[in-house]
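Visitor: Residues 2 to 267 (our numbering) are what the sequence shown spells out, left to right.
There's a structure below that I have some questions on.
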Amino acid sequence: MLTKKVTTEFLGVHFNMMDYKEVALELDRLSRSEGFSFAVTPNVDHVVMLHETECEVIRKQFNEAYNAAALRLCDSRILQLLAKLRGVKLKVVTGSDLTAFLFEKGHFNGRKVTIIGGDEAMLPELRRRFPHVELIQHIPPMGVLKKPEATQEIIDFIRTESCDYAFFAIGAPQSEIVANRCQAAGLSKGVSLCVGASFEFMLGRKTRAPSWMQRYGLEWAFRLGAEPKRLWKRYLVLGPRIFLLAANAPKYSAIGVKAEEKDVRL
């Protein structure tokens, strides 16, 4: 089937204009293609890091990973609103909702899926809930980017296990940078998704904001209230920088005018 793969640029990121079903189809196609690929889910935190971070080397590697990603899916209604104010339309496909959608709609049934990250209790829980999915896990040490041997272990694990899908749950920018290194290593198959804390939400370890808060872009406030010690700097110091970045972005006269189309066979 021939379809259109449309991307829209905002703040230097080329976002894919796809809904959950379209993303699932594209991920299935990528999982069956030769070569390894990966998808990222940019949110406010990511976009700020792409433009400014304390370590220039990490910022460069993060940008390289984003440029190499097969899919870039908007994970933030704040980004969607800021883009709209500049005349750019974005579709929201959150990492947490996408992960739940793929598992619960049976897209992984009969397929081999690995999780990079999490803890030892996560795999048994997922296997109980999704018995038709072949699930495996690799738990790397903390600080993967500072440990070349740990990155190599991830690459070797994915290569040896030859999975259809891989979920990176080791935090940004680690997940994205390591996924890009897996792609650069020339792995023969598989598609990975960088999804942050999606499994913790799906398993009920963390609570999602009420739907009305999500709808109005207030999920950040709910998460800040739930984990203030861990998230205060992200949401109160780093996150607000997005407004300056957005204010300096070019403004377009029509919604979605900044877009390119590519033919992709699904």
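Don't be surprised by glycine CBs; every beta carbon is placed ideally from N, CA and C.
1) Could you tell me which residues DSSP pairs with SER176 in its beta bridges?
2) If you follow the beta strand (DSSP E) that LYS85 is in, where does it begin and where does it stop?
3) Assign SER176 to one of two classes, buried (16 or more other C-beta atoms within 10 Å of its C-beta) or exposed (fewer than that).
4) Give a yes or no on whether the C-beta atoms belonging to CYS75 and PHE39 are separated by under 8 Å.
5) Determine the extent of the alpha helix (DSSP H) in which PHE202 is found, giving its start and end residues.
6) Could you please give the first and the last residue of the uninterrupted beta strand (DSSP E) stretch that includes LYS61?
7) Please specify which runs of the beta strand (DSSP E), each continuous and at least 3 residues long, are wholly inside the stretch 82-168, giving them in chain order.
8) Using the C-alpha atoms, what's the distance from ARG242 back to ASN249?
9) What are the partner residues of LEU194, as DSSP defines its beta bridges?
10) Using CA coordinates, which residue listed in ILE116, THR54, ARG209, LEU246 is at the minimum distance from LEU225?
11) Between the alpha carbons of GLN184 and ALA151, how many angstroms are there, rounded?
12) Distance check for GLY218 and TYR21, CA to CA, integer angstroms please.
13) Going by C-alpha distance, which of PHE102, ARG33, MET50 is nearest VAL238?
14) So, at 7 Å on beta carbons, what are the nonlocal neighbours of ARG182 in its own chain, with the 5 sequence-adjacent residues on each side left out?
15) Give the secondary structure of THR4 by DSSP, where H, G and I count as helix, E and B as strand, and everything else as coil.
16) Touching or not, the stretch 112-120 and the stretch 131-141, by the rule of three or more beta carbon pairs under 8 Å?
17) Mark LEU103 as exposed unless 16 or more other C-beta atoms lie within 10 angstroms of its C-beta, in which case mark it buried.
18) With ARG30 as the anchor, note down where its alpha helix (DSSP H) starts and where it stops.
19) Using CA atoms only, rank isn't needed, just tell me which of GLU135, ARG129, ASP98, LEU127 is closest to VAL114.
20) Would you list the residues sitting across from CYS75 in a DSSP beta bridge?
21) Between LEU194 and the rest of its own chain, which residues show a CB-CB distance below 6 Å, the 5 nearest in sequence each way excluded?
22) Can you find the residues in the same chain that come closer than 6 Å, C-beta to C-beta, to THR54, ignoring five residues on each side of it along the sequence?
23) Taking 7 Å as the cut-off, is the C-beta of GLY226 nearer than that to any heavy atom in the ligand PLP?
Guide: In this structure, then:
1) In DSSP, SER176 forms no bridge with anything.
2) Here LYS85 belongs to no beta strand (DSSP E); instead the alpha helix (DSSP H) covers 78-86.
3) buried
4) no
5) 199-203
6) Premise fails: LYS61 lies in the alpha helix (DSSP H), 57-69, not in any beta strand (DSSP E).
7) 113-118, 135-139
8) 11 Å
9) ALA40, PHE168
10) ARG209
11) 16 Å
12) 19 Å
13) MET50
14) THR152, ILE156
15) Because the pLDDT of THR4 is 43, which lies under 50, any placement of that residue in the model is unreliable, and the number read from its coordinates should be weighed accordingly. It is a strand residue.
16) yes
17) buried
18) 21-32
19) GLU135
20) VAL93
21) ALA40, PHE168
22) ARG60
23) Here there are no bound small molecules, and the ligand PLP is not part of this structure.
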